[in-house]
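Protein chains in written order, with our numbering: chain A, 11 to 688; chain B, 499 to 800.
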């Protein structure tokens, strides 16, 4: 109760709420920070609960300094530098840990809560996934609970009451949040600080395709992107090949994309059906409009159905007809793109032909011989392609998620002995063989398929759906897609990888890696619905919320006609609305909590003021009944009403249990008092 | 007590911290153009803004009643008993009561249920003799978030008297009362012969309380001894040898206390004031009051 006690130690309940809140700031840290940092944080939290009742705390400045220096050194050792977002966040977490050990006064509790909010902010630097965001916003709310409980002191109830107050506070804050979120001017500060691409490890593919690089992703459930088809109710017909990057450089069995892609030449750009569609003009033929929300991957890849021809802003069409973002994609981005499967390039420049036939010298004679044998059987390239596919179909090649390790450029081993591979093995070897046979060929890496979400009406494409296929140049049809994997694993093209694998497991072609029960559970209707619901929420978060940036805001402001008036006008407008809202809240709370007696008194005073206006002033020492008698004498016309009002007042004021209905009629009586006379 | 109309608003020290956090969030959000960080920023801003009417309403309907203040001697503690009443229909939390001007003497009330009252006592050291005004009492509240403090002032015209610190020689002066009463004075000392009992005077020594009578259920009585029934003593300001006014007053206060305890009639003579000899509570306080206000004149603020 007394001030000194509050200054000696922090009570248990606020500390518990604070700890709960801080636990919710941890999920983004695990995985992106060095593991010891969140572990240390957990440890100090536990230690605090042991120390606080005993009155122990970190007291000596020298000890604090030594610990801080040690932490700094540990961070430097873990990350190799003190620059960068991870070491910065780590430093903050470690300092917060020390603060937790040290804090013991009211002031410091307030400081800890504010540091908790800064940790929430740091969490958003590390990840903006929906799940993580949910954790961080929960932490934000729990910090409010901790603060409120701290200021409640010893008031009865330490669980529901502060929680209820927080909910009330947040419910009242919600309209403000929406208003600010939609209308507060998003000014871009010129001092940008760039984060290191922290999640590039989870990004689907690199610019290099080597055997096993895609198979390694087969178990990844990370989201690559989500796609909607606005304006059409059904999915596009045929398999969905999402074009990512075209690899031109053959290094034997390994393929590589150009480091900086050359933009596509003007003439080949115009090779589409009816040329390049103008914005606003409906594209002819089988043009498919897609709205794609891409997950951040730190590189330049952008995806679109095979093949894009109308490109979104901020991207370019690289040689090979694939999208290339000008800026690295460091946060979720949404774009619209139009593709058409009929877009063909009808011209192969000599330079491109040279590029598409380049081969390293290191290829073994046996492989060269195999390729040459296909040419011998038929002189036109289409026959060569068919011969090659026939070879893969008939020579016992198997499709496997775990094809085993191949030595570098061990094409012979794959083609003549083991004959087991994943899509990248087939695509890379096929393209290499085509070049050996004199057919211009290239490898395309992207995604195949995608899971349709009924609830949110979008396709979810995961890293597991990463796929590689080939394109060969045929003189009559231009660059033509050939997917050798489809020959080995028929059916893969029409499904996403997980569904495809599940079918194979069900039909006994493959043995399951997972426990049967878990598989059963994962396929059950209820679980599937929950999963689809969660994914829809994720999608909504990414597109509606994260997608609401300065550009989208500008469109909104234009649509309500306030864009031209500038940010100052907006801020003024927001201030006015906010103050009005706060006044309304205050008035509402005042009405709800004002005591009955106060209202009665106010009404009676109003009556007295009215009487004074009629010439009868109530003396301060005059009781209500004396006053009514005097007033009734002086105002004979009003005597009846005066008597009624006074009697009602006395009854309401001094009777043991007056009802609220009488109070309302009293209010009516008072307001009618003078009005009646007029 | 009547409150001033509009509560005043002050930021608390942690408000600066909040501004810093909000600025950091805004910088991060705008430089990254990140909607998620903007959401966090606006959530915190809105929660803070909404907490302002909550803090303000937390003082609505809360009034204070100051009870009578006991006089105290310099060096003792003055206690102001205050009743804080919650006249509203909601529980009020975390209310701080303080005397304006001195932030250290504050008392915190964690909660007052609707329609209830809570008694607290503000204590502070009595430093200067004289009559003091209680002045202004402040109710402050930072509930629920603690970033904004609302302050409601209650002006009080109530006064209290601080008596000079008793000090000096406890032996009452043996000087005969000059001129007024020409009666021979005997030496004053505690006698040994029991001479009856009288009502106990608060403040006097407990040594002479008739504890046996108390055990029988009778009120507190002080046993009187023969030596007490002696002639009146005149306490004269100008007869004292001290040069310092305060020292003289201290000596006189001590003598007043001693004489009252001995139940010996005492008179007080100050420049400009003469109080004729008597004994008893009202006389006792009259004398002390005269000593407290000597040469002070105006009423001092607390």
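For glycine and all other residues, C-beta sits at the position ideal for the given N, C-alpha and C.
query: Distance between beta carbons of residue 189/A and residue 587/A, contact taken as under 8 Å; result: 6 Å
query: First and last residue of the uninterrupted alpha helix (DSSP H) at residue 174/A; result: 170-193
query: Straight-line gap, residue 714/B to residue 708/B (C-alpha atoms, nearest Å); result: 10 Å
query: As assigned by DSSP and simplified to three states, the class of residue 14/A; result: Any reading at residue 14/A must be qualified, since the residue scores a pLDDT of 47, below 50, and its modelled position is unreliable; the value itself is stated next. Here residue 14/A sits in helix by DSSP.
query: Stretch pair the stretch 181-196 of chain A + the stretch 555-574 of chain A: three plus CB contacts closer than 8 Å; result: yes
query: N- and C-terminal bounds of the alpha helix (DSSP H) containing residue 435/A; result: 433-446
query: Inter-stretch contact (C-beta, 8 Å, three-pair minimum) for the stretch 18-32 of chain A and the stretch 148-156 of chain A; result: yes
query: Residues that DSSP places opposite residue 623/B in a beta bridge; result: 575/B
query: Endpoints, the alpha helix (DSSP H) within which residue 517/B is located; result: 511-530
query: Contacting residues, own chain, Cβ-Cβ under 6 Å from residue 125/A (five flanking each side not counted); result: 106
query: Chain-ordered neighbours of residue 545/B on chain A, where CB pairs are closer than 8 Å; result: 154, 179, 180, 183
query: Beta-carbon contacts of residue 621/B that lie in its chain and below 8 Å, excluding the five residues immediately before and after; result: 575, 576, 577, 578, 603
query: Contact list for the stretch 320-352 of chain A against chain E, Cβ threshold 7 Å; result: Structure shown: chain E not included; protein chains present are A and B.
query: Residues that residue 584/A contacts on chain B, provided the C-beta gap is smaller than 7 Å; result: Residues of chain B passing the Cβ test: none, with the nearest at roughly 11 Å.
query: Cβ of residue 484/A within 8 Å of any chain B Cβ; result: no
query: Partner residues on chain A for residue 512/B, Cβ-Cβ distance less than 8 Å; result: 117, 120, 121, 124
query: Touch test, the stretch 417-431 of chain A against the stretch 460-474 of chain A, Cβ-Cβ under 8 Å, three pairs minimum; result: no
query: Bounding residues of the beta strand (DSSP E) (the contiguous stretch that carries residue 775/B); result: 771-776
query: Contact with chain B by residue 169/A, beta-carbon distance below 8 Å; result: no
query: CA-to-CA distance, residue 430/A to residue 417/A, given in whole angstroms; result: 14 Å
query: Contact with chain A by residue 598/B, beta-carbon distance below 8 Å; result: no
query: Within 7 Å of chain B by C-beta, residues of the stretch 588-603 of chain A in sequence order; result: 588, 592, 595, 596, 599, 600, 603
query: Stretch pair the stretch 244-256 of chain A + the stretch 309-318 of chain A: three plus CB contacts closer than 8 Å; result: yes
query: Per-residue DSSP class, three states only, for residue 632/A; result: coil
query: Proximal residues, the stretch 70-92 of chain A versus chain B, C-beta separation under 8 Å; result: none
query: Among 405/A, 647/A, 446/A, nearest to residue 373/A - alpha-carbon criterion; result: 446/A
query: CA-to-CA distance, residue 134/A to residue 115/A, given in whole angstroms; result: 29 Å
query: 8 Å Cβ cutoff met for residue 103/A and residue 48/A; result: yes
query: Bridge-paired residues (DSSP) for residue 731/B; result: 764/B
query: Contact set between residue 577/B and chain A, taken where Cβ atoms lie within less than 9 Å; result: Chain A residues near residue 577/B: none, gap ~15 Å exceeds 9 Å.
query: Length of the line joining the Cα atoms of residue 504/B and residue 510/B; result: 19 Å
query: Per-residue DSSP class, three states only, for residue 614/B; result: coil
query: Proximity test, Cβ basis, 8 Å: residue 235/A and chain B; result: no
query: Residue 318/A: first and last residue of the uninterrupted beta strand (DSSP E) it sits in; result: 318-320
query: Reduced DSSP category for residue 133/A - H, G, I as helix; E, B as strand; rest coil; result: helix
query: Residue(s) in a DSSP beta bridge with residue 62/A; result: Paired residue(s): none; residue 62/A is not in a bridge.
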